[in-house]
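S.K.:
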Amino acid sequence: MEEHNNRIPRTLPVLHINNVVMFPYLLMPLVVTDEESRLVIDHALAHDKTMAFFLDREKSGPNDIGLNEIGTAVTILRMLRNQDGSISLLLQGTSRIRFQRVIQREPFIMVDVESIHEQSVEDTEIHAYRTIAIELMEKIASESTILNNEMIAGLSNIKQSGRVADIIAGNLDLQIDDRQIILETIDLKKRFKHLNNCLAEMIRQMRLENTIRSNIQLEMSEDQRRYYLREQLDAIRKELGENDEVSKEILKWKELIDKNNLPDYVEEVAREELARLATMQPAASEYAVLRNYLDWIVNMPWTTFSKDRLDLGRIEKILTHDHYGLEKPKERVLEYIAVKNLKGSLKGPILCFVGPPGTGKTSIGQSVARALKRKFIRMSLGGIHDEAEIRGHRRTYIGAMPGKIMMEIKRQGTANPVFMLDEIDKLGRDFRGDPASALLEVLDPEQNHSFVDNYLNLPFDLSEVMFITTANSLDTIPPALRDRMEIIEFSSYLENDKIQIARHYLIPKEKDANGLANYKITFRKSALQELIRYYVREAGVRNLQRRIGSIYRKIARQISAGNIDPRVIDANSVKDYLGPRKFSLELANRKPEVGIATGLAWTSYGGEILFCETTRMPGKGAIVLTGLLGDVMKESARIALSHLKANSQKYGIDPRELDKIDLHIHFPSGAVPKDGPSAGITLTTALASLFTGRKVKHDLAMTGEITLTGKVLGIGGLKEKFLAAKRAGITHLILPRENEETISDFSTDILAGMEITWVDNVKEVLDLVLLPASKTRPRAPKRTVAKP
Ligand SMILES: Nc1ncnc2c1ncn2[C@@H]1O[C@H](COP(=O)(O)OP(=O)(O)OP(=O)(O)O)[C@@H](O)[C@H]1O
Ligand SMILES: [Mg+2]
Numbered sequence: 003m004e005e006h007n008n009r010i011p012r013t014l015p016v017l018h019i020n021n022v023v024m025f026p027y028l029l030m031p032l033v034v035t036d037e038e039s040r041l042v043i044d045h046a047l048a049h050d051k052t053m054a055f056f057l058d059r060e061k062s063g064p065n066d067i068g069l070n071e072i073g074t075a076v077t078i079l080r081m082l083r084n085q086d087g088s089i090s091l092l093l094q095g096t097s098r099i100r101f102q103r104v105i106q107r108e109p110f111i112m113v114d115v116e117s118i119h120e121q122s123v124e125d126t127e128i129h130a131y132r133t134i135a136i137e138l139m140e141k142i143a144s145e146s147t148i149l150n151n152e153m154i155a156g157l158s159n160i161k162q163s164g165r166v167a168d169i170i171a172g173n174l175d176l177q178i179d180d181r182q183i184i185l186e187t188i189d190l191k192k193r194f195k196h197l198n199n200c201l202a203e204m205i206r207q208m209r210l211e212n213t214i215r216s217n218i219q220l221e222m223s224e225d226q227r228r229y230y231l232r233e234q235l236d237a238i239r240k241e242l243g244e245n246d247e248v249s250k251e252i253l254k255w256k257e258l259i260d261k262n263n264l265p266d267y268v269e270e271v272a273r274e275e276l277a278r279l280a281t282m283q284p285a286a287s288e289y290a291v292l293r294n295y296l297d298w299i300v301n302m303p304w305t306t307f308s309k310d311r312l313d314l315g316r317i318e319k320i321l322t323h324d325h326y327g328l329e330k331p332k333e334r335v336l337e338y339i340a341v342k343n344l345k346g347s348l349k350g351p352i353l354c355f356v357g358p359p360g361t362g363k364t365s366i367g368q369s370v371a372r373a374l375k376r377k378f379i380r381m382s383l384g385g386i387h388d389e390a391e392i393r394g395h396r397r398t399y400i401g402a403m404p405g406k407i408m409m410e411i412k413r414q415g416t417a418n419p420v421f422m423l424d425e426i427d428k429l430g431r432d433f434r435g436d437p438a439s440a441l442l443e444v445l446d447p448e449q450n451h452s453f454v455d456n457y458l459n460l461p462f463d464l465s466e467v468m469f470i471t472t473a474n475s476l477d478t479i480p481p482a483l484r485d486r487m488e489i490i491e492f493s494s495y496l497e498n499d500k501i502q503i504a505r506h507y508l509i510p511k512e513k514d515a516n517g518l519a520n521y522k523i524t525f526r527k528s529a530l531q532e533l534i535r536y537y538v539r540e541a542g543v544r545n546l547q548r549r550i551g552s553i554y555r556k557i558a559r560q561i562s563a564g565n566i567d568p569r570v571i572d573a574n575s576v577k578d579y580l581g582p583r584k585f586s587l588e589l590a591n592r593k594p595e596v597g598i599a600t601g602l603a604w605t606s607y608g609g610e611i612l613f614c615e616t617t618r619m620p621g622k623g624a625i626v627l628t629g630l631l632g633d634v635m636k637e638s639a640r641i642a643l644s645h646l647k648a649n650s651q652k653y654g655i656d657p658r659e660l661d662k663i664d665l666h667i668h669f670p671s672g673a674v675p676k677d678g679p680s681a682g683i684t685l686t687t688a689l690a691s692l693f694t695g696r697k698v699k700h701d702l703a704m705t706g707e708i709t710l711t712g713k714v715l716g717i718g719g720l721k722e723k724f725l726a727a728k729r730a731g732i733t734h735l736i737l738p739r740e741n742e743e744t745i746s747d748f749s750t751d752i753l754a755g756m757e758i759t760w761v762d763n764v765k766e767v768l769d770l771v772l773l774p775a776s777k778t779r780p781r782a783p784k785r786t787v788a789k790p
């Protein structure tokens, strides 16, 4: 210490730095930029590299240059002049100095100083203070990370306690005033006392901060807490080398969750569930349940959309390419897409294709998907009774699964497929709940943007799905559902349509399907006509396709057996392949009869011709109705009878005779349920014929509701009835005048070759269809109709 002090010259330049207190022996890096400091440094370098360092004082002290009385002498250990003119210095304090007098003021201050001798006698009290100071330092080090432990360990090896105090004070972030006090206090006991107070205060503050921090941590959101816990759990698992499979699986899920672009609300749930999974034993039954659930929500295509091709020309081309005719449905579909195109999304009312079986409803839906380049899903609603099949079971059920809607969407992997709900008219309803109400939610554009499946329990946006429903009949669709749909009607095909469809679509398809693509086989038109007229009597073309298929199968078999001549299929070969005709044109074999009239009926399978047979037997005026008739039809029969009785004179009926007979009215086929008012005039005609003995013309058919007064009212389903009559070879129809409007939009193809008589009342009908009475009235029993 002596030698240091000796080296301090009496006159030193003052390096003037604000708010810094230097301690002896400590190193300090410093950068100076001002002119005065540069001069000071130059001066120091030119002499013995030593400068004086005093903390500024606010008030003037014992000197008039604003400096504290006690300061530090420092020497320059290293110096670097930077390019920007600043100077980087490494300084070391050498000793405490006391200000004496100012020697020079300009261009920098020079002062005379006196070195202060450090107290060299130390007693046990000082040692005790010193030990406490070191202990306090250790405490501070344990509470914070800013101090390095080696420095603290080094303290015990230093002999002079004064230096220990200086090192501690220099290394800590003390208040500037405290530093100055420690520098100024020459008495070691007092110096330590102040230092230890500072240290204790510092510890108190640090503890306080730590408590506050941990309180804040407690308040951290539950999520974060779970996150930390989970991370810790992972770490523990890894540490134990335990359950590697499980952690791999968890990791796999994590990656999937990161990768799959889930909406926030789904991601949140997925992470929560994954955290739960991570805490479970894989053997637990709940583990599998939870994993299954995760699999669902992570892999649902929440935000995966296929890109639409909304180019109308192209869509039209594809629709035309895939289907013959069907102008109206195609047009409606195109309009629908055009509107959506303008609106920018395919949201909107649901299309409902209604028509008889085999008329291309399902298959045109498929085409729409192909044209839009969307995925196609077909789901049959026939026989679905249980709401859960649509909307899924809650997860609390054992073996719970999502409903079919979500299942299909996951299977196809996009959130905007064309989704065909087939046979919506066959939807069931019973104690298991009402699937229609679940469907309502699916189909209602107002609510389907957040469809919640019971199992997933998270809203899925169905609004971009293009739903198409199909039905054979509108009658059985719940009205609320029907309301939300835009109905597009498909009607039966005419013979000519069927021939075209067969030629261009069904024949190539079936030929291909039966491996005959490379064989030249000609299907004559006469063969198709034979098939259509005598083998399949249907509104659509499904059975026609099937028959064509069976012909090709038989040919394929012959070819395989080695019999390979090129073939022509004509009307005769149809018989060879398919056996005798299945239908006959009834009319050809029929002749006028008493008590039988031909009506037209509408069913969900298309139109049909319907015979009304009546017979009488001795009795007391009883009436028997058979043929699975519904209430409305039974009432029609009573109305017909009452009207005839009431107007017996007008129609040439003997009313007395009516009291002596029993009546039986029957509609074949007996096993098919029938209902509706439209058989009214048919019933009246058959009865009038029975009562008068006049025969009914056999080559015409009729349909119309009657009133008690004998008025004829309009009916529905006319187009299908019309087409059915054509199929059956009938050329003359009697129709209610009220329906005159209806046929205005029938195509000329449909109307061609058909004679129509419009009627207003029963009298007109009877005048037209009853042949004049024959001379001899046959005996009643003989008139019993014996139809097979
Ligand atoms: N206009 C048409 N052009 C070409 N093929 C047709 C046409 N109409 C129907 N088909 C073919 O007839 C077959 C039966 O049609 P589809 O299955 O679409 O009937 P559907 O109307 O859905 O009947 P259902 O009401 O019984 O479900 C299909 O192979 C279809 O391609
Ligand atoms: Mg179908």
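Just so we're on the same page, the working numbering is the position in the sequence shown counted from 1, plus 2. Glycine included, C-beta positions come from ideal geometry on N, C-alpha and C. Given the structure is predicted, the values throughout are model-derived calculations rather than measurements.
Please give the ranges of any alpha helix (DSSP H) in the region 571 to 647, keeping only runs that are unbroken, at least 4 residues long and fully inside the region.
M.R.: Whole alpha helix (DSSP H) segments, 4+ residues: 573 to 580, 588 to 591.
S.K.: Run the proximity test for Thr472: is its beta-carbon closer than 7 Å to any non-hydrogen atom belonging to ligand 2?
M.R.: Answer for Thr472: yes, Cβ within range of ligand 2.
S.K.: By DSSP, does His734 sit in helix, in strand, or in coil?
M.R.: Three-state result, His734: strand.
S.K.: Would you say the beta carbon of Thr364 is closer than 7 Å to some non-hydrogen atom of ligand 2?
M.R.: Yes, ligand 2 has a heavy atom inside 7 Å of this Cβ.
S.K.: Looking at the unbroken alpha helix (DSSP H) that takes in Gly551, where does it start and where does it end?
M.R.: Its alpha helix (DSSP H) spans residues 544 to 562.
S.K.: When you compare only the Cα positions, how much space is there between Ile561 and Arg569?
M.R.: Ile561 and Arg569: Cα-Cα distance of roughly 10 Å.
S.K.: Which whole-angstrom value is the C-beta distance of Ile352 and Leu445, which I expect to be below 8 Å?
M.R.: Contact flag correct, Cβ pair sits at about 5 Å.
S.K.: Nearest by alpha-carbon distance to Glu116: which of Glu127, Arg103, Pro109 is it?
M.R.: Selected option, being the one with the closest Cα: Arg103.
S.K.: For ligand 2, is there any heavy atom lying closer than 7 Å to the beta carbon of Asp424?
M.R.: Answer for Asp424: yes, Cβ within range of ligand 2.
S.K.: Is Gln414 near ligand 1, in the sense that its beta carbon is under 7 Å from a heavy atom of that ligand?
M.R.: Outside the cutoff, so no.
S.K.: Report yes if the C-beta of Tyr326 is less than 7 Å from at least one heavy atom of ligand 1; otherwise report no.
M.R.: Tyr326: yes, Cβ under 7 Å from ligand 1.
S.K.: Residue range of the beta strand (DSSP E) that Ala473 falls in?
M.R.: Segment 468 to 473, the beta strand (DSSP E) holding Ala473.
S.K.: Are the Cβ atoms of Ile663 and Pro620 separated by less than 8 Å?
M.R.: Closer than 8 Å, so yes.
S.K.: Can you pull the DSSP bridge partners for Lys713?
M.R.: DSSP lists Asn763 as partners of Lys713.
S.K.: Looking at the secondary structure, which residues open and close the beta strand (DSSP E) in which Thr416 lies?
M.R.: No beta strand (DSSP E) contains Thr416, which DSSP labels as neither H nor E.
S.K.: Once you ignore the five residues that flank Arg311 on each side, which residues in its own chain have a CB closer than 8 Å to its CB?
M.R.: Result list for Arg311: Ile317, Ala373, Leu374, Lys375, in chain order.
S.K.: Measuring CB atoms only, is the region 290 to 308 touching the region 453 to 466, in the sense that at least three cross pairs come out at less than 8 Å?
M.R.: They touch, by the three-pair rule.
S.K.: Helix, strand or coil: how does DSSP classify Pro437 here?
M.R.: Residue state, collapsed to three classes: helix.
S.K.: From Ser122 to Ile128, what does the alpha carbon distance come to, in whole angstroms?
M.R.: Looking at the two C-alpha atoms, the distance is approximately 11 Å.
S.K.: Could you work out which residue in Ile426, Ile184, Pro15, Val771 is closest to Ile78 when comparing CA atoms only?
M.R.: Looking at the Cα atoms, Pro15 is the closest of the given residues.
S.K.: Opposite Leu17 in the DSSP bridges: which residues?
M.R.: Leu17 pairs with Phe55.
S.K.: Hey, Glu595 and Lys697 are a contact pair by Cβ (cut 8 Å); roughly how many whole angstroms apart?
M.R.: Their Cβ separation, rounded to whole angstroms, is 6 Å, which keeps Glu595 and Lys697 in contact under 8 Å.
S.K.: Do Leu665 and Val626 have their C-beta atoms closer together than 8 Å?
M.R.: Against a cut-off of 8 Å, the Cβ pair of Val626 and Leu665 comes out as a contact.
S.K.: Identify the continuous alpha helix (DSSP H) that holds Asp189 and give its terminal residues.
M.R.: Where Asp189 is concerned, there is no enclosing alpha helix (DSSP H), given that its DSSP letter is neither H nor E.
S.K.: Is it true that the CB of Glu491 sits closer than 8 Å to the CB of Gly551?
M.R.: Taking 8 Å as the Cβ cut-off, Gly551 and Glu491 do not qualify as a contacting pair.
S.K.: Got a sec? Which residues, its chain only, sit under 7 Å from Leu792 by beta carbon, not counting five neighbours each side?
M.R.: What is shown of the chain runs 3 to 790, which leaves residue 792 out entirely.
S.K.: Would you check whether ligand 1 has a heavy atom nearer than 7 Å to the C-beta of Thr322?
M.R.: Because no heavy atom of ligand 1 lies under 7 Å away, the Cβ of Thr322 does not count as near it: no.
S.K.: Using alpha carbons as the reference points, say which of Lys141, Leu720, Leu235 lies closest to Phe748.
M.R.: Nearest of Lys141, Leu720, Leu235 to Phe748, Cα basis: Leu720.
S.K.: Give the straight-line distance between the Cα atoms of Gly415 and Leu753, rounded to the nearest whole angstrom.
M.R.: Taking the straight line joining both Cα atoms gives about 47 Å.
S.K.: Taking only runs of the alpha helix (DSSP H) that begin and end inside the region 122 to 188, which ones reach a length of at least 4 residues, in chain order?
M.R.: Listed in chain order, they are 126 to 145, 151 to 157, 163 to 173, 178 to 186.
S.K.: When the distance is taken between beta carbons, is Gly706 closer than 8 Å to Ile683?
M.R.: Yes, these two residues count as a Cβ contact at 8 Å.
S.K.: How many angstroms separate the CA atom of Asp388 from the CA atom of Gln449?
M.R.: In a straight line, the C-alpha of Asp388 is about 21 Å away from that of Gln449.
S.K.: I need the boundaries of the alpha helix (DSSP H) containing Gln651, first residue and last residue.
M.R.: It spans 650 to 653 - the alpha helix (DSSP H) in which Gln651 sits, taken as one unbroken run.
S.K.: Grouping DSSP H, G and I as helix and E and B as strand, with all else coil, what is Ile503?
M.R.: If DSSP states are grouped into helix, strand and coil, Ile503 belongs with the helices.
S.K.: Report buried or exposed for Leu710, applying the criterion of at least 16 other Cβ atoms within 10 angstroms of its Cβ.
M.R.: Burial call: exposed.
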